[in-house]
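Take the position in the sequence shown, starting the count at 1, then add 4; the result is the number in our numbering. Below you'll find the structure, written out as structure tokens, and then a few comments.
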Amino acid sequence: MHDDINPEECWGLDTLAIRTGHHRTAEQEHGEPIFPTSSFVYGSAAEAARKFGGQEPGNVYSRFTNPSVQTFERRLAALEGGERCVATSSGMSAILSTALALLQAGDEIVASRSLFGSTVSLFDKYLGKFGITTRYVELSDLAAWEAAITPATKLLFAETPSNPLSEVGDIPALAEIAHRHGAWLAIDNCFLTPALQTPIALGADLVIHSATKYLDGQGRAIGGAVVGPDKLLEEVFGVVRTCGPCMSPFNAWIFTKGLETLGLRMKAHCANALQLAEWLEAHPAVERVHYSGLASHPQRELAARQQKAFGAVLGVEVKGGREGAWSVIDATRMLSITGNLGDVKTTITHPGTTTHGRLSDDQKAAAGIREGLIRIAVGLEDIADIQADLARGLDALV
Ligand SMILES: *Cc1c(COP(=O)(O)O)cnc(C)c1O
């Protein structure tokens, strides 16, 4: 294993993103290689025995370790400021592997209500089958988090800022509550990435990623990761190694390439998003814009304290309820109508009938998912073109 730089030294984020963890071979290649192999060979029976027995470091089988995957893991761990990273086949398998590693029957999770839909299904439908209970609270209501904790609570789990309403959870305060009750705090850092927020530095124990989103940034591969202290990550590694939700070498290579431009892309995403949010807020067909970077956002100060910038996902409430929202979406010609996000291509969706469509009317009302709400994940096209694509439908609503 060869690093261009020692990640323990003090390097900037972009330098770490470009130069950490390169496994350089004898060919002295400049670009990071892909190792598409299921297994590895040895010079002797004795060497094989030492590597299988763990007395000598080295690869055995790509479900356990693979050099391309390790490059991605070392790079993401350095960016998040964590001791270790374990890569997984998807964001969901990162969450599943964390739960399998840290929890057992009878344990409880306290989680924010505004989680990614599949995370809620995983907690309720699948972990629930094995006697793990989850309670949901308002992300920003610290007293509610505290009140939901019992002696059986082992894990606090949140996404911040939330999707699609951009609510902000106070990470240092949540970490303090978790630790006072002997629980761990895990933050799903998908929406901001380590370029904009490093939860471990703010007190969280674990960071979860869907690499599928901004880490790749171009919507080309599914993957995930968990970052945190060696002690916990050794348990997560055990689950991935044994149960098999490992990342493929090819996907790891794509994500490694993605990380190299992460800082640059996130700056550009945020600049486009802020400009679009301000323009939308001033448009007469728009009732409200939810974006933590706007002066009108009630938690802007908290967001500015724990984030370097505000991300690129906006909630926009337009006039005319569902009909109005659908007409704005259908009037676009360039934007992608899809539930995905974290892509150079701007995406647009109606949460009430797609990402949050399974919620009952009462649940939608409690979650603030109104009929006129549109979610826009702002990409990197020219901002004038994104605005023009939205203006067509919005102007018709006035
Ligand atoms: C997409 C997403 C996930 C799940 O990741 P997959 O890679 O799709 O499995 C988890 N959390 C958040 C916030 C997401 O946006």
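Heads up, the beta-carbon is just placed ideally off N, CA and C, and yes, glycines get one too. Treat the numbers as computed from the prediction; the structure is a model and nothing was measured.
Measure the Cβ-Cβ separation of residue i and residue j and say whether it is below 8 Å.
i    : j    : result
D174 : A190 : no
T92  : A277 : no
H185 : T202 : no
S116 : E180 : no
G232 : R88  : yes
I212 : I113 : no
H294 : P176 : no
S101 : V322 : no
L339 : T351 : yes
L146 : A103 : no
S48  : G227 : no
E165 : F127 : The sequence shown places Pro at residue 165, not Glu. For P165 and F127, no; Cβs fall outside 8 Å.
G383 : V348 : yes
G56  : R245 : First, the residue type needs correcting, since residue 56 is Phe and not Gly in the sequence shown. Contact: no.
P249 : S97  : yes
A281 : L236 : no
Secondary structure at residue i, three-state DSSP: helix, strand or coil?
i    : result
K4   : Any answer about residue 4 is impossible in this case: the structure gives the chain only from 5 up to 402.
W188 : strand
F68  : coil
A335 : coil
A381 : strand
A369 : helix
T357 : helix
G221 : coil
A316 : coil
A49  : helix
F76  : helix
T342 : coil
I204 : coil
H183 : helix
I212 : strand
L160 : strand
I175 : helix
T351 : strand
E327 : helix
For residue i, I'd like the list of residues in its chain whose CB is within less than 6 Å of its CB, leaving aside the five on either flank, ordered along the chain.
i    : result
Q279 : I387
Y140 : A115, R117
A329 : V322, H354, G376, I378
S43  : Y65
I373 : P355, G356, H360
G397 : S331, V332, A335
E171 : L143, S144
A81  : R88, C89, V231
E60  : R54
Spatial neighbours of residue i within its chain, please: C-beta separation below 8 Å, excluding the five flanking residues on both sides.
i    : result
T353 : I333, I341, T342, G343, T359, I378, R379
W149 : V114, V141, L160, L178, I181
C274 : L200, G297, A313, F314, G315, A316
V320 : L284, V290, R292, V293, H294, L377, I378, R379, I380
T41  : S66, N70, P253
S300 : E285, V293
C247 : S101, L104
A272 : L384
Whose C-beta lies closer than 7 Å to the C-beta of residue i among residues of the same chain, with five residues either side of it excluded?
i    : result
D18  : G267
R224 : I258
E36  : H26, T75, W257, T260
T197 : Y218, L219, L266, M270
A30  : none
A205 : G85
A53  : none
Contact criterion: CB-CB distance below 8 Å. Does residue i meet it with respect to chain B?
i    : result
P355 : The structure shown contains no chain B; it holds only a single protein chain.
Taking 8 Å as the threshold, find out whether the region 324-341 comes into contact with the region 213-222 through three or more Cβ pairs.
The region 324-341 is not in contact with the region 213-222.
In chain order, which continuous runs of the alpha helix (DSSP H) of length 4 or greater are located wholly inside the region 228-307?
234-247, 253-264, 266-285, all fully within the region 228-307.
Does the contact criterion of 3 or more C-beta pairs under 8 Å hold for the region 114-133 versus the region 255-268?
By the C-beta criterion, the region 114-133 is judged not to be in contact with the region 255-268, since fewer than 3 inter-stretch pairs fall below 8 Å.
Taking three-plus beta-carbon pairs below 8 Å as touching, is the region 360-367 in contact with the region 302-309?
No contact exists between the region 360-367 and the region 302-309.
Check whether the region 104-115 touches the region 130-140, taking contact to mean three or more Cβ pairs, one atom from each stretch, closer than 8 Å.
Because the criterion of three Cβ pairs below 8 Å is met, the region 104-115 and the region 130-140 touch.
For a minimum of 3 consecutive residues, which ranges assigned as the beta strand (DSSP E) are wholly contained in the region 81-158?
Runs found: 88-92, 112-116, 137-141.
Taking one C-beta from the region 66-83 and one from the region 12-25 each time, how about it: are there three or more such pairs within less than 8 Å?
With a cut-off of 8 Å, the region 12-25 and the region 66-83 count as touching, because enough Cβ pairs lie within range.
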